[in-house]
Structure formats: structure tokens, C-alpha cells
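K.L.:
Numbering (this note's numbering), first residue to last: 569 to 822.
Please find one structure pasted underneath; my questions will follow.
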């Protein structure tokens, strides 16, 4: 019999490795991806410090990092770092980058539904803000955007906050984290909630009121990511939200 012949050993099927990181794998890689994003952003500021001949210390980094142009460049440089880290995590699983992140174009109906839900959410928070006598946009962001406009960095900041930031944050939250956690014990509802919490934590420069708004928008994005099966949809919605806020603040806000 061939199974007893040493020259013809029996075929042994090696179980295929799962193509998706589960809960802990996704969480650990998520930390790594966030760290890569941070390094990319910090690297842009450090480079500017070096080009200006300033002392390479924390004080110089803090001073330069507050400038609108430097902040915009740091956000932009966080995007390639994020994409590289996500690509590596998916490559290790031998999975398709597009399939893993659901990089599929949504239909017009899905986009209109997502935009309508986003509009209702933002308007609801606008009503609450006015009733409480609060600003609809954090004051420091208003000052930053108007400073960028007055210093000739308007288009750079528009690109940073309307293109680079939405892509980086969505690839991490609704792309990588949602995919892995939705196929773990959390399932889809838990993945939507937890990925929204992580996305909210990325915005800790805001106070609790604005963090609550960010979290509610994240829940809607997570639902649309699940409903449409498209990360491009949430990237577009995120970009639309940020672009509207930037344009209204820099050029139309009083």
C-alpha cells in the first residue's frame, strides 16, 4: 500500500490559516498601525525642524507642530505610514488588500442614504449646541483653520483634513479594525461600537461634548460600512463631513 511505502508518504492536508486577524490580532495590529500613523505625523514635524536649523529638541517640535502648515503636513504624512502598516498586516495573512478592507465603490443610493443620515446627525448636534449655548465647532479648531487661511495654507489644510485624515482614520477604524472584530466574538454590533470608540479616542484633543458627537457619527459610519459593505463609502462620507466643516469655518464662518 502507498501509505506504507516510505517512498510515497501519505498526503497530509495542512489546514489553511485564517485570512482575517481575530480580536486580539486585530487589537495588537491596530496599536501598531496607530503607532505608525503617529511616527509618520511626528516625522513630518521633525523634518521641518531640521530644515529650519532649529535645535532638535521637544521645545522646537512643539513650537513648529502648532503651525498650521506643519500640522497639515503631519496629517498628510500619517497617511502613507498608515497604509504601509495596514498593508503589512494584511500581507502576512496572505489576503487581498481590497477584499480585506472592502474597497468597493458604493451605489448612489447607498451614498445618498449615508449622506442623509450624516446630515441628520450633524443637524441634531447643531440644535443641541445652540440650545446649550455652545459653539458647533471647537474653538481651537476655528482658530487653527482661520490662521491657516490667513497664512496661505488654506488649500494644504483642506487637503489634509478632507482627504488625508479621512483616509487614514477610515482605513484604521472602519477598515482594518471593523473587519477583524466583526469576525470575532464581538460580531458586527460589537465591532461597530468598539471601532467607533477607538476612532473617538483618536480625537482626544476635543472635550467630552465633542467626543460624544464624534462617537455618534462613528456609529453611523460603522452601520453604513456594514450595510453597504464598502469602505469607500465611509471615506467619502468622512471627507464630506470634514470638507464642509473646513470650508464653512475658513471662508464662510463669522
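The C-beta atom is built at its ideal place from N, Cα and C for all residues, glycine as well.
Quick caveat, the model's predicted, so the values are computed rather than measured.
How do the stretch 622-630 and the stretch 784-798 stand: do at least 3 beta-carbon pairs fall below 8 Å, yes or no?
P.N.:
Segments in contact, no.
K.L.:
Among residues of its own chain, excluding the 5 on either side of residue 580, which ones have a beta-carbon nearer than 7 Å to its beta-carbon?
P.N.:
Confidence in residue 580 is poor, its pLDDT being 48 and thus under 50, which makes the residue's placement unreliable; the coordinate value appears in the next sentence. So no residue of the chain qualifies.
K.L.:
Given a threshold of 16 other Cβ atoms within 10 Å of its Cβ, counted over all protein chains shown, does residue 809 qualify as buried or as exposed?
P.N.:
Buried.
K.L.:
Quick test of the definition: if touching needs 3 or more C-beta pairs under 8 Å, does the stretch 635-643 touch the stretch 700-719?
P.N.:
Touching, per the Cβ criterion.
K.L.:
Should residue 703 be labelled buried (16 or more other beta-carbon atoms within 10 Å of its own) or exposed?
P.N.:
Residue 703 is exposed by the Cβ-count criterion.
K.L.:
Looking at the structure shown, is residue 664 part of a helix, part of a strand, or coil, going by DSSP?
P.N.:
Of the three classes helix, strand and coil, the one that applies to residue 664 here is coil, per DSSP.
K.L.:
Rounded C-beta distance between residue 643 and residue 728? I'm assuming under 8 Å.
P.N.:
Correct: roughly 4 Å between the Cβ atoms.
K.L.:
Between the stretch 786-806 and the stretch 674-692, are three or more C-beta pairs nearer than 8 Å?
P.N.:
The stretch 786-806, when compared against the stretch 674-692, does touch it at the 8 Å Cβ threshold.
K.L.:
Should residue 819 go down as buried or exposed, given a rule of 16 or more other Cβ atoms within 10 Å for buried?
P.N.:
Exposed is the call here.
K.L.:
Quick check: what's the CA-CA separation for residue 599 versus residue 769?
P.N.:
So the two alpha carbons sit approximately 12 Å from each other.
K.L.:
Looking only at its chain, what residues have a beta carbon closer than 6 Å to the beta carbon of residue 606, apart from the 5 residues adjacent to it on each side?
P.N.:
For residue 606, where only same-chain residues beyond five positions count, there are no Cβ hits under 6 Å.
K.L.:
In terms of residue numbering, what span does the alpha helix (DSSP H) encompassing residue 689 cover?
P.N.:
Looking at the DSSP string, the run of the alpha helix (DSSP H) that includes residue 689 is 676-700.
K.L.:
Can you tell me the Cβ-Cβ gap for residue 778 and residue 734, rounded? I've got them flagged as a contact below 8 Å.
P.N.:
Incorrect: roughly 17 Å between the Cβ atoms, too far for contact.
K.L.:
Taking Cβ positions, are residue 741 and residue 766 nearer each other than 8 Å?
P.N.:
The answer is yes: Cβ separation under 8 Å.
K.L.:
Beta carbon of residue 759, beta carbon of residue 647: below 8 Å?
P.N.:
No, these two residues do not count as a Cβ contact at 8 Å.
K.L.:
On the DSSP letters alone, give me the boundaries of the alpha helix (DSSP H) that residue 777 sits inside.
P.N.:
Segment 776-796, the alpha helix (DSSP H) holding residue 777.
K.L.:
Measuring only the C-alpha atoms, how far is residue 595 from residue 676?
P.N.:
Distance between the alpha carbons of residue 595 and residue 676: 33 Å.
K.L.:
Below 8 Å on the Cβ atoms is my guess for residue 587 versus residue 661; work out the distance and round it to an integer in Å.
P.N.:
With a Cβ gap of about 5 Å, residue 587 and residue 661 count as contacting.
K.L.:
State the DSSP-derived secondary structure class of residue 764, mapped to helix, strand or coil.
P.N.:
Three-state DSSP puts residue 764 in a helix.
K.L.:
Around the Cβ of residue 694, are there at least 16 other Cβ atoms within 10 angstroms (buried) or fewer (exposed)?
P.N.:
Counting Cβ neighbours within 10 Å, residue 694 comes out exposed, since fewer than 16 surround it.
K.L.:
For a quick check, are the C-beta atoms of residue 673 and residue 752 less than 8 Å apart?
P.N.:
Not in contact: residue 673 and residue 752 (Cβ atoms no closer than 8 Å).
K.L.:
Within 10 angstroms of its Cβ, does residue 652 collect 16 or more other Cβ (buried), or is it exposed?
P.N.:
Classification of residue 652: exposed, given that the 10 Å Cβ count is below 16.
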